[in-house]
Structures are given as C-alpha cells and as structure tokens.
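If you read the sequences in order, they're chains C and X. The numbering of the first sequence is the working numbering, which starts it at 15 and goes up by one. The numbering of the second sequence is the working numbering, which starts it at 2 and goes up by one. Every residue, glycine too, gets a C-beta built ideally from N, C-alpha and C.
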Amino acid sequence: NAGVTQTPKFQVLKTGQSMTLQCAQDMNHNSMYWYRQDPGMGLRLIYYSASEGTTDKGEVPNGYNVSRLNKREFSLRLESAAPSQTSVYFCASSEAFRQGGFSNQPQHFGDGTRLSIL
Amino acid sequence: AQSVTQLDSQVPVFEEAPVELRCNYSSSVSVYLFWYVQYPNQGLQLLLKYLSGSTLVKGINGFEAEFNKSQTSFHLRKPSVHISDTAEYFCAVSAPGAGNKLTFGGGTRVLVKP
C-alpha cells in the first residue's frame, strides 16, 4: 500500500530558486495538508485543502503557494526560496471532516521532503 | 485557539523500563486528542486517539494514554520499552471550528538505551 507519496525526498536549492514539492495519496481521501517540521516546534500547518477545489491558509503560509490538482494530488510551491524555508516538509491526507463539527479522523503522513536552502 | 505543550523535549530511558511522556493542552471546549510516533527518516504514524468514553486509551505497540479533563492532560505511557521504541512522539489536538486541522506539540524525543 503506497498511502501518501512525496517527491522528491531530498533537495538542495539556492536562495531565490523556485521549486514544487509533489504529494499524491491513493486512499481516496478528501482532505490534504502540507506541514513543515522544525526542531522543537513540532509540525506547523502551511496550507490545507478540505476538499478538491478548495485550499486555505494554515499557520505559516507566507512564501508558499499550493495547488489541489485533483482529488489525489496536492502540490506545494516555493516561488523564491529563502534560507528560513530550510525544513522537512510533510504532506498528509485524511477523510473529510464532518460539516459543522470537527473530525476524529486521523491524518496519514508521507515520509517527508528534506529541503535545504543555501 | 488551542495549544499543546509537551513538557519534555528529550527522555532517555533504559530498555525494559517504563516511560511516560507528558502532554498538556489548552482549550475551552471539548477536543479530540492524538499521539503520533515518528521513527527516524519517516513520516508520522498514529499511535492512539481519544475521542470519547473511557479515559484510558490503548494503542499500538503496547502504548496507552490517559485523558484527564480536569488537568487538561493526555499523558502517554508504556510499561516496558524496547530499543525499537526510540523515536520522536507528538501529541496533537483537534478542536471544534478547526475542521480536521491538528495542532501539534513540540515533540518528545525518546532514546532507549540498552
């Protein structure tokens, strides 16, 4: 079972370069998420997509853009990379949250993309 | 808004000894609580979750957690750890109005020594 697949696994960029991180899930989940993980700070939500066709900002969206290409795929783009964006990026997916409430559905994570910006 | 505090950033423990990882959250409303584990160079995996009902929740790999509403805590325990439990552990909360968004604690790194 593939689950959530992220590409690439590692990337080194120079300041000012752009790149797109890819994420695909095969669990037919409606909701998808992008997080960044920094030491001692846990995971912080960058953007999320509650369902196909919708995207919303999370806690730390500045410097990033996202595209929900279809139900399976959710990409994260860095338009002009900065050293502060050096981090490990995780994509996750889950069943859709219940309308009007909040969800008890766990999120399923990919193995991450380790991004270094020089 | 809710927040999650994991009180220990690192916990060294000897093999076959018990371990407790502390998690406190702040929220004025009822929440759902989760513990995730991250093994080296991997993504997060769900260990267990508290939704409602019994305050003692059992998860995978012999872990359990106890929900304490009055103390707003959700501590994770294992009575006897193995080398393979070396990992980082994250507590997370889901709250009304947040959809399925999770708020994570800063993580606790467990190092099991032989």
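Report yes or no: is there a C-beta of chain X within less than 8 Å of the C-beta of residue 120/C?
The sequence position of residue 120/C within the first sequence is 106, counting from 1. Cβ-Cβ to chain X under 8 Å: yes for residue 120/C.
Starting from the C-beta of residue 96/X, find all residues in its chain whose C-beta is less than 7 Å away, skip the five residues before and the five after it, and write them out in chain order.
Sequence index remark: in the second sequence, residue 96/X carries index 95 (1-based). Cβ within range, chain order: 3, 28, 30 and 32.
Proximity test, Cβ basis, 8 Å: residue 46/C and chain X:
For the purposes of this step, residue 46/C is identified with residue 32 of the first sequence, where counting begins at 1. For residue 46/C, the answer is no, since every Cβ of chain X falls outside 8 Å of its Cβ.
Helix or strand or just coil, what does DSSP make of residue 113/C?
Sequence index remark: in the first sequence, residue 113/C carries index 99 (1-based). In this prediction, residue 113/C has a pLDDT of 49, which is less than 50 and means its spatial position is unreliable; what the coordinates show is noted afterwards. Coil.
Please confirm whether residue 89/C has its beta-carbon closer than 8 Å to some beta-carbon of chain X.
As a working mapping, residue 89/C is identified with position 75 in the first sequence. So, not an interface residue.
Measuring CB atoms only, is the stretch 16–35 of chain C touching the stretch 55–68 of chain X, in the sense that at least three cross pairs come out at less than 8 Å?
no
Please work out which residues of its chain come closer than 6 Å, Cβ to Cβ, to residue 38/C, disregarding the five sequence neighbours upstream and downstream, and give them in chain order.
Position 24 of the first sequence, counted from the first residue, corresponds to residue 38/C. Hits under 6 Å: 19, 86 and 87.
Let me see if you follow: with CB-CB separation under 8 Å, is residue 57/X close to chain C or not?
In the second sequence, the residue the question calls residue 57/X occupies position 56. Not one chain C Cβ lies under 8 Å of residue 57/X.
Given this structure, state the Cα-to-Cα distance separating residue 70/X from residue 99/C, to the nearest angstrom.
On the second sequence, residue 70/X is found 69 positions in, with the first residue counted as 1. On the first sequence, residue 99/C is found 85 positions in, with the first residue counted as 1. C-alpha separation (whole angstroms): 37 Å.
On the CB-based measure, 16 or more other CB atoms within 10 Å of its CB, does residue 34/X come out buried or exposed?
Residue 34/X sits at position 33 when you count from the first residue of the second sequence. Residue 34/X is buried by the Cβ-count criterion.
May I have the straight-line CA-CA distance separating residue 113/C from residue 63/C, to the nearest angstrom?
By one-based count along the first sequence, residue 113/C stands at place 99. By one-based count along the first sequence, residue 63/C stands at place 49. Because the pLDDT at residue 113/C is just 49, under 50, the model does not fix this residue reliably, and the point stays unresolved.
Short check: CB of residue 48/X to CB of residue 37/X, under 8 Å?
Walking along the second sequence from the start, residue 48/X turns up at place 47. Walking along the second sequence from the start, residue 37/X turns up at place 36. In this structure, residue 37/X lies closer than 8 Å to residue 48/X by Cβ.
Close Cβ partners of residue 89/C (< 6 Å) along its chain, the five nearest in sequence each way excluded
Walking along the first sequence from the start, residue 89/C turns up at place 75. Contacts found: 34, 36 and 81.
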